[in-house]
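Have a look at the structure below before the remarks.
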Amino acid sequence: MTNDPFSAAASLDELLTRTQQALTSMRSRSSAHADGEPADLLRAEGTAAGGRVRAVAVQGGRLDSVTIDPELAGEPLDVLSGHLVAAANDALSELDAQVSASARADADALAARLGSMGDQAELFGRAMHEAAARIHRDRGTSSRAGRPA
Numbered sequence: 014m015t016n017d018p019f020s021a022a023a024s025l026d027e028l029l030t031r032t033q034q035a036l037t038s039m040r041s042r043s044s045a046h047a048d049g050e051p052a053d054l055l056r057a058e059g060t061a062a063g064g065r066v067r068a069v070a071v072q073g074g075r076l077d078s079v080t081i082d083p084e085l086a087g088e089p090l091d092v093l094s095g096h097l098v099a100a101a102n103d104a105l106s107e108l109d110a111q112v113s114a115s116a117r118a119d120a121d122a123l124a125a126r127l128g129s130m131g132d133q134a135e136l137f138g139r140a141m142h143e144a145a146a147r148i149h150r151d152r153g154t155s156s157r158a159g160r161p162a
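If you want the numbering used here, it's the position in the sequence shown, counting the first as 1, plus 13.
Shown next, in the form of structure tokens:
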């Protein structure tokens with residue numbers, strides 16, 4: 014790092030800009046919903062009845078698809094409904110875990126960026142103090158130089 018006040022200010026400004034971009038990215042991902050492109054959304058699959066019932070949930074807490082093995086067509090409706098609920102809940106639980114992990118990773122990255130902000134601010138403050146001292150010193154030298162002896 015440099016003690017040049019302009020470099021310190023530029024570094025601090027860059028850090029603030031990157032932090033703001035990270036926050037914007039976090040907000041846009043957390044507010045994504047079923048209107049988003051499927052590739053942009055987190056997805057999770059849940060199963061029930063030995064994998065014969067599958068549910069896919071997407072970010073935003075919505076079901077994307079449900080697949081039922083045709084062999085289950087003869088099952089009573091309450092049993093089939095139970096399998097559907099179990100598969101959907103399994104998918105939503107997995108999706109919740111993915112969203113939480115993603116949010117933790119984003120928060121950790123943001124915390125790391127913010128952690129270095131204190132160092133940048135201290136460096137900037139020190140550089141500004143040194144610049145002010147040089148200006149004060151230079152003024153004193155020029156005013157003494159301008160006085161008649």
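The beta carbon of each residue, even a glycine, is placed where N, CA and C say it ideally should be.
Quick caveat: nothing in here was measured; it's all calculated off a predicted structure.
- Between the segment 135-142 and the segment 96-104, the count of C-beta pairs closer than 8 Å stays below three; the two stretches do not touch.
- Excluding the 5 residues flanking it on each side, Thr60 has same chain C-beta neighbours closer than 7 Å at Val66, Arg67, Ala100, Asp103, in chain order.
- A straight line joining the alpha-carbon of Leu108 with that of Ala62 spans about 20 Å.
- Taking all protein chains in view, the Cβ of His142 is surrounded by fewer than 16 other Cβ atoms within 10 Å, so the residue is classified as exposed.
- Beta-bridge partners of Ser78 (DSSP): Val69.
- By the Cβ neighbour-count rule, His149 is exposed, with fewer than 16 other Cβ atoms within 10 Å of its own.
- In this chain, the beta strand (DSSP E) harbouring Glu58 covers 56-61.
- DSSP places Pro83 within a helical segment (H, G or I) once states are collapsed to three.
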